[in-house]
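Single-structure report; data block below.
There are 2 protein chains.
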Amino acid sequence: MAEMIQLDHPGSDVADAEAFLLEALQILLDEGVRKGTDATQKVCEWKEPEELRELLGLELRDHGESRQSLLRRCRLVLRYSVKTGHPRFFNQLFSGLDLFALTGRFITETLNTSQATYEIAPVFVLMEEVLLAKLREMVGWSDGDGIFAPGGRWSPRSWRRRSRGRKPSGTTVLGAFDPLGAIADICQRHNLWLHVDAAWGGSALLSGKHRHLLDGIERADSVAWNPHKMLTVGQQCSAFLLRDSSGLLQRCHGTGATYLFQRDKFYDVTYDTGDKTPQCGRRVDCLKLWLLWKAIGTQGLARRVERAFAFTRYLAEEMKRRDGFRLVLEPEFINLCFWFVPPSLRGREDDPQYWSKLGKVAPVIKERMMKKGSMLVGYQPHGPHVNFFRQVVTNPVVTRADLDFFLDEIERLGEDLGGTPHPPPHPEPSSDP
Amino acid sequence: MAEMIQLDHPGSDVADAEAFLLEALQILLDEGVRKGTDATQKVCEWKEPEELRELLGLELRDHGESRQSLLRRCRLVLRYSVKTGHPRFFNQLFSGLDLFALTGRFITETLNTSQATYEIAPVFVLMEEVLLAKLREMVGWSDGDGIFAPGGRWSPRSWRRRSRGRKPSGTTVLGAFDPLGAIADICQRHNLWLHVDAAWGGSALLSGKHRHLLDGIERADSVAWNPHKMLTVGQQCSAFLLRDSSGLLQRCHGTGATYLFQRDKFYDVTYDTGDKTPQCGRRVDCLKLWLLWKAIGTQGLARRVERAFAFTRYLAEEMKRRDGFRLVLEPEFINLCFWFVPPSLRGREDDPQYWSKLGKVAPVIKERMMKKGSMLVGYQPHGPHVNFFRQVVTNPVVTRADLDFFLDEIERLGEDLGGTPHPPPHPEPSSDP
Chain A
0 MAEMIQLDHP GSDVADAEAF LLEALQILLD EGVRKGTDAT QKVCEWKEPE ELRELLGLEL
60 RDHGESRQSL LRRCRLVLRY SVKTGHPRFF NQLFSGLDLF ALTGRFITET LNTSQATYEI
120 APVFVLMEEV LLAKLREMVG WSDGDGIFAP GGRWSPRSWR RRSRGRKPSG TTVLGAFDPL
180 GAIADICQRH NLWLHVDAAW GGSALLSGKH RHLLDGIERA DSVAWNPHKM LTVGQQCSAF
240 LLRDSSGLLQ RCHGTGATYL FQRDKFYDVT YDTGDKTPQC GRRVDCLKLW LLWKAIGTQG
300 LARRVERAFA FTRYLAEEMK RRDGFRLVLE PEFINLCFWF VPPSLRGRED DPQYWSKLGK
360 VAPVIKERMM KKGSMLVGYQ PHGPHVNFFR QVVTNPVVTR ADLDFFLDEI ERLGEDLGGT
420 PHPPPHPEPS SDP
Chain B
0 MAEMIQLDHP GSDVADAEAF LLEALQILLD EGVRKGTDAT QKVCEWKEPE ELRELLGLEL
60 RDHGESRQSL LRRCRLVLRY SVKTGHPRFF NQLFSGLDLF ALTGRFITET LNTSQATYEI
120 APVFVLMEEV LLAKLREMVG WSDGDGIFAP GGRWSPRSWR RRSRGRKPSG TTVLGAFDPL
180 GAIADICQRH NLWLHVDAAW GGSALLSGKH RHLLDGIERA DSVAWNPHKM LTVGQQCSAF
240 LLRDSSGLLQ RCHGTGATYL FQRDKFYDVT YDTGDKTPQC GRRVDCLKLW LLWKAIGTQG
300 LARRVERAFA FTRYLAEEMK RRDGFRLVLE PEFINLCFWF VPPSLRGRED DPQYWSKLGK
360 VAPVIKERMM KKGSMLVGYQ PHGPHVNFFR QVVTNPVVTR ADLDFFLDEI ERLGEDLGGT
420 PHPPPHPEPS SDP
């Protein structure tokens, strides 16, 4: 009986929670949106894991905490997280914090539905349909099918099989495009399915000036394209597009599970698109892209793409003018792959240890920039090449001043390297002096 | 040269976008948070696809739109979407809009990072570790491994193979638990891997009163548990837990891709947990659960679980007291599966058409509730059973009054059914009179 009585009142204090949300939103706007995109602030406040664990107080306890304590925790989470929207964050293929897309993401989170059926996601079922048709139009198809679904990467097995020399040359690291027309010829001759992984490069289709890089893509059978990368809409937004319009997705992935997809509904159940994917609950990934597209139009998106290309060309030219930079290859897309050669190594290509010494430069520069918090850029080895930096600029708020800073900062952080012994590759964690 | 000059200024108007965000947040709080959880508002404003398409103006154009037009669109998206946080939304296993978790999701979206490496997600790498350890502790393991990753459902092939009679009895529809101890005995004897799919039922582990339903789970090798369902943290939050602590995830899924996971970093790269999953970019799914846990503690979560059980018992007892309700089975968990038997069918079990007539009742009641917008609950057939409703109450703001309304509303919507001819299973779309 006592149990019955407790059910007369809500099980959570909604007014208190709403007050918390409003205060937290202020902190979020301040720390996350404004400071997080302010070039005068750090990209990240580096802490070693042990110290950070201490600062955050992560333990989960039996009892809840006060609103003030929770707000302090939100502030700490924001403070010690990396600001991927910062104009000097270049570490990932995604960067930048577009506030139109962010609005779409906030609405998505609040509505918290699943992109499965028309009855629980009427707006998003129709919106996804329109967006997929638009993306297919960009590919060059007037018809077809598709779905927004989280992407993956090559499995270890297929990765190794590729690396035995049968790998297409287009890669995410170098930003190189395969000759799609020639490949389509071969596929046609041998009746092979042609899938184009345009997860990264697909956004070039938006620019009349650059879409020729993907000439022939219209002959593909399927295309993967991730607008969350170059178009700054936020993780994740990955489209899988199909030229086929015979219902292949449904036939491949559909379980026909009647507990999820009833057939005897009063509306047209072809709108229940959730059975096209093996996922059960599928997040709504279309609103953020749709809202951004509505806000700036196809031309606005194209301008962002062209701006990214222009930045890459600017950086490549600047690097050729400066002494210490060496391009791995001329950029074809917006990936700028380069080594920084410290003064002590310049003109020493004959030194048998030149490449091994050069390969140790990027990790040290990276360590220094992270501890300083001044910027963030990725490095990796690739095939025969020792560690090099890969610079990619997709954030629309970046200006030339940020790129000049980038070049100057690499020079500052790396000027003493190359000659003296380097720290071992896996040093003990040390605190920032 | 013209290109160089354009790079001197940001490529987007940040002040304008921020003003938009602030206005949109007001709309979101009003329409999404307040009205979306207000029992006096509709759960959904039903529109046929054609009409809704017209209302939303979904087309994507070359040029962007004004801020006012965009705000109007945000309002329409909210208005015509289903309110899954509404106290009368019972259609999915997830429901409810917890504002602590929502705060965590807003922060997650703003930081927009990938749960891949310590260098881009230091806070979340440590947070995921603590949460996974806590979930494992609930399972009964002092050690192990795990990952938050989007879930799936059975593939058509394995689905069919199961359905040949080798399927465990525990199901998401009925909310039934398998005898884990007995199954563990068999697995032990035959040296089989025991995976427990506790995606839905796992949250019962939080309650000292109900965790006995999962007795034996500590003997599993792996467990799937989705806190986004019963714990109201928002899609998605799916934990895969492993008893093994020898690095199995890394060995199974790791690509060792050096463009993603460099080994020569200055910090301890065992914190770069992204290589444990086949995903490339992995969303941060831990903050929302962590923040809720901090806010209400393990005891607060347990209270929510116990409240859900109490609601189910309340509904089951009420149904037995009322004439028109017939339980499919006594609820073991919080799934309440029932038929509504309209007056014209009561006591007519001898009618050879009884079950076929009864199976047509739920779709019509569902159509009526959707067009009215009064509530939303799912139905499905299952095995030998014709269409029945499955009622699940996880939303912590639900009170007994909402459940009384639910029962009364089912009676109101279904009282004239069962005798007269029914609409065909796939009628032409018709407008709400």
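Same order as they appear, the protein sequences are chains A and B.
Just so you know, we're using numbering that gives the first Met the number 0 here: the first sequence kicks off at 0 and counts up by one.
Just so you know, we're using numbering that gives the first Met the number 0 here: the second sequence kicks off at 0 and counts up by one.
By construction, the Cβ of each residue, glycine as well, lies at the ideal position given by its N, Cα and C atoms.
Please read these numbers as outputs of a predicted model, since none were measured by experiment.
Inset, instruction - Please check if any C-beta of chain B sits within less than 8 Å of the C-beta of A/Ser80. - result: Within the first sequence, residue 80 of chain A is the residue found at index 81, counting from 1. Yes, A/Ser80 lies at the interface with chain B (some Cβ there is under 8 Å from its Cβ).
Inset, instruction - Over the uninterrupted beta strand (DSSP E) stretch that includes B/Phe147, give me the two end residues. - result: Working through the second sequence from its first residue, we reach residue 147 of chain B at position 148. Residues 144–147.
Inset, instruction - Can you pull the chain B residues whose beta carbon is under 8 Å from the beta carbon of A/Lys356, in chain order? - result: Taking the first residue of the first sequence as 1, we reach residue 356 of chain A at position 357. What A/Lys356 touches in chain B: nothing, since even the nearest Cβ is about 14 Å away.
Inset, instruction - Compare the C-alpha of B/Arg281 against each of A/Ala256, A/Gln235, A/Leu241 and name the closest. - result: Here residue 281 of chain B is taken as the residue at index 282 of the second sequence, counted from 1. With distances taken between Cα atoms, B/Arg281 lies closest to A/Gln235.
Inset, instruction - For B/Pro362, decide whether its Cβ has a neighbour in chain A, counting only Cβ atoms nearer than 8 Å. - result: Against the second sequence, residue 362 of chain B aligns to sequence position 363. Cβ-Cβ to chain A under 8 Å: yes for B/Pro362.
Legend entry - Exposed unless 16 or more other CB atoms sit within 10 angstroms - verdict on A/Pro178: In the first sequence, counting from the first residue as 1, residue 178 of chain A sits at position 179. By the neighbour-count rule (16 or more Cβ atoms within 10 Å), A/Pro178 is not buried but exposed.
Legend entry - Distance CB(A/Glu408)-CB(A/Ser373) smaller than 8 Å: Position 409 of the first sequence holds residue 408 of chain A. Position 374 of the first sequence holds residue 373 of chain A. Yes.
Inset, instruction - Output the distance between the C-alpha atoms of B/Trp354 and B/Ile295, rounded to the nearest integer angstrom. - result: By one-based count along the second sequence, residue 354 of chain B stands at place 355. By one-based count along the second sequence, residue 295 of chain B stands at place 296. Spanning the two alpha carbons is a distance of roughly 46 Å.
Inset, instruction - Starting from A/His189, trace the alpha helix (DSSP H) both ways and give me its first and last residue. - result: Indexing the first sequence from 1 puts residue 189 of chain A at position 190. Counting along the chain, the alpha helix (DSSP H) containing A/His189 begins and ends at 179–189.
Inset, instruction - Report yes if the C-beta distance between A/Ile460 and A/Ala315 is below 8 Å; otherwise report no. - result: This structure gives no information on residue 460 of chain A, because the portion of chain A shown stretches from 0 to 432.
Inset, instruction - Mind the definition here: the region 387–397 of chain B touches the region 335–354 of chain B only if three or more C-beta pairs lie below 8 Å; say whether that holds. - result: With the cut-off at 8 Å, the region 387–397 of chain B and the region 335–354 of chain B touch.
Inset, instruction - With a floor of 4 residues, list each alpha helix (DSSP H) that falls wholly inside the region 311–390 of chain B, ordered by position along the chain. - result: 353–357, 360–371, all fully within the region 311–390 of chain B.
Inset, instruction - Give the residues of chain A in contact with B/Thr171, contact being defined as C-beta atoms less than 8 Å apart. - result: Residue mapping note: residue 171 of chain B aligns to position 172 of the second sequence, counting from 1. Simply Tyr258.
Inset, instruction - For A/Cys251, count neighbouring C-beta atoms within 10 Å of its own C-beta (all shown protein chains included) and say buried if the count is 16 or more, exposed if not. - result: By 1-based counting over the first sequence, the position of residue 251 of chain A is 252. Counting Cβ neighbours within 10 Å, A/Cys251 comes out exposed, since fewer than 16 surround it.
Legend entry - Coarse secondary structure for B/Ala175, derived from DSSP in three states: Within the second sequence, numbered from 1, the residue matching residue 175 of chain B stands at position 176. If DSSP states are grouped into helix, strand and coil, B/Ala175 belongs with coil.
Legend entry - Helix, strand or coil at B/His194 according to DSSP, with G and I counted as helix: Residue 194 of chain B sits at position 195 when you count from the first residue of the second sequence. Strand.
Legend entry - Straight-line gap, A/Cys186 to A/Leu131 (C-alpha atoms, nearest Å): Taking the first residue of the first sequence as position 1, residue 186 of chain A is located at position 187. Taking the first residue of the first sequence as position 1, residue 131 of chain A is located at position 132. Those two C-alpha atoms are separated by around 25 Å.
Legend entry - Simplified DSSP state of B/Ala23, which is helix, strand or coil: In the second sequence, the residue the question calls residue 23 of chain B occupies position 24. For B/Ala23, the three-state secondary structure derived from DSSP is helix.
Inset, instruction - Could you tell me whether any Cβ in chain A is nearer than 8 Å to the Cβ of B/Leu20? - result: The sequence position of residue 20 of chain B within the second sequence is 21, counting from 1. Taking 8 Å as the CB threshold, B/Leu20 lines the interface with chain A.
Inset, instruction - Could you say which of A/His194, A/Leu24, A/Val222 lies nearest to A/Leu204 if we only look at CA atoms? - result: What you label residue 204 of chain A is simply residue 205 of the first sequence in a count that begins at 1. Per the Cα distances, A/Val222.
Inset, instruction - Please report the Cβ distance between A/Pro121 and B/Lys46, rounded to the nearest whole angstrom; I am assuming they are in contact, meaning their Cβ atoms lie under 8 Å. - result: Here the question's residue 121 of chain A lines up with position 122 in the first sequence. Here the question's residue 46 of chain B lines up with position 47 in the second sequence. Your pair A/Pro121 and B/Lys46 checks out as a contact, with CB atoms roughly 7 Å apart and the cut at 8 Å.
Legend entry - CB contact below 8 Å: A/Lys264 versus chain B: As a first step, residue 264 of chain A must be located in the first sequence, where it is residue number 265. Yes, contact with chain B.
Inset, instruction - Leaving out five residues on either side along the sequence, give the residues of the same chain with a beta carbon under 8 Å from the beta carbon of A/Ala198. - result: Within the first sequence, numbered from 1, the residue matching residue 198 of chain A stands at position 199. Same-chain partners within the cutoff: Gly150, Thr171, Ala223, Trp224, Asn225, Lys228, Ser237.
Legend entry - Contacting residues, own chain, Cβ-Cβ under 7 Å from A/Lys208 (five flanking each side not counted): Here residue 208 of chain A corresponds to residue number 209 of the first sequence, with the count starting at 1. Beyond the five residues adjoining it in sequence on each side, A/Lys208 comes within less than 7 Å, by CB distance, of Glu305 in the same chain, given in chain order.
Inset, instruction - Specify the secondary structure class of B/Ala120 as computed by DSSP and reduced to three states. - result: Numbered from 1 along the second sequence, position 121 holds the residue referred to as residue 120 of chain B. Reduced to three states, the DSSP call for B/Ala120 is coil.
Legend entry - Reduced DSSP secondary structure (H/G/I, E/B, other) of B/Phe260: As a working mapping, residue 260 of chain B is identified with position 261 in the second sequence. Judged by DSSP in its simplified three-state form, B/Phe260 adopts coil rather than helix or strand.
Inset, instruction - For B/Asn190, decide whether its Cβ has a neighbour in chain A, counting only Cβ atoms nearer than 8 Å. - result: Along the second sequence, read from residue 1 onward, the residue named residue 190 of chain B stands at position 191. No, because no Cβ of chain A sits closer than 8 Å to the Cβ of B/Asn190.
Legend entry - Whole-number beta carbon distance between B/Gly215 and B/Ala183, since they are thought to touch under 8 Å: Within the second sequence, the letter at position 184 stands for residue 183 of chain B. Within the second sequence, the letter at position 216 stands for residue 215 of chain B. A Cβ-Cβ separation of about 5 Å places B/Ala183 in contact with B/Gly215 under the 8 Å criterion.
Inset, instruction - Output the distance between the C-alpha atoms of B/Glu17 and B/Leu247, rounded to the nearest integer angstrom. - result: If you number the second sequence from 1, residue 17 of chain B lands on position 18. If you number the second sequence from 1, residue 247 of chain B lands on position 248. So the two alpha carbons sit approximately 45 Å from each other.
Inset, instruction - Using a Cβ cut-off of 8 Å (strictly closer), state whether A/Ala203 contacts chain B. - result: Sequence index remark: in the first sequence, residue 203 of chain A carries index 204 (1-based). Not flagged as an interface residue toward chain B: A/Ala203, since no C-beta distance is shorter than 8 Å.
Legend entry - Cα-Cα separation, B/Thr107 to B/Phe339: Numbered from its first residue, the second sequence carries residue 107 of chain B at position 108. Numbered from its first residue, the second sequence carries residue 339 of chain B at position 340. Straight-line spacing of the CA atoms in B/Thr107 and B/Phe339 works out to 43 Å.
Inset, instruction - Flag this pair as yes or no: are the beta carbons of A/Arg242 and A/Gly143 separated by less than 8 Å? - result: As a working note, residue 242 of chain A is residue 243 in the first sequence. As a working note, residue 143 of chain A is residue 144 in the first sequence. The answer is yes: Cβ separation under 8 Å.
Inset, instruction - Give the single residue among B/Arg74, B/Trp292, B/Glu136, B/Arg87 whose Cα lies nearest to the Cα of A/Gly63. - result: As a first step, residue 63 of chain A must be located in the first sequence, where it is residue number 64. The option with the nearest alpha carbon to A/Gly63 is B/Trp292.
Inset, instruction - Report the residue from B/Gly201, B/Gly139, B/Ser244 whose alpha carbon sits nearest the alpha carbon of B/Ala175. - result: Taking the second sequence and counting its residues from 1, one reaches residue 175 of chain B at position 176. The residue with the shortest Cα to Cα distance from B/Ala175 is B/Gly201.
Inset, instruction - Note down, in chain order, every chain B residue with its Cβ under 8 Å from the Cβ of A/Leu445. - result: Outside the shown range of chain A (0 to 432) lies residue 445 of chain A, about which nothing can therefore be said.
Inset, instruction - In angstroms with no decimal places, state the Cα-to-Cα distance between B/Tyr313 and B/Val232. - result: In the second sequence, counting from the first residue as 1, residue 313 of chain B sits at position 314. In the second sequence, counting from the first residue as 1, residue 232 of chain B sits at position 233. Using only the alpha carbons, I get a separation of about 25 Å.
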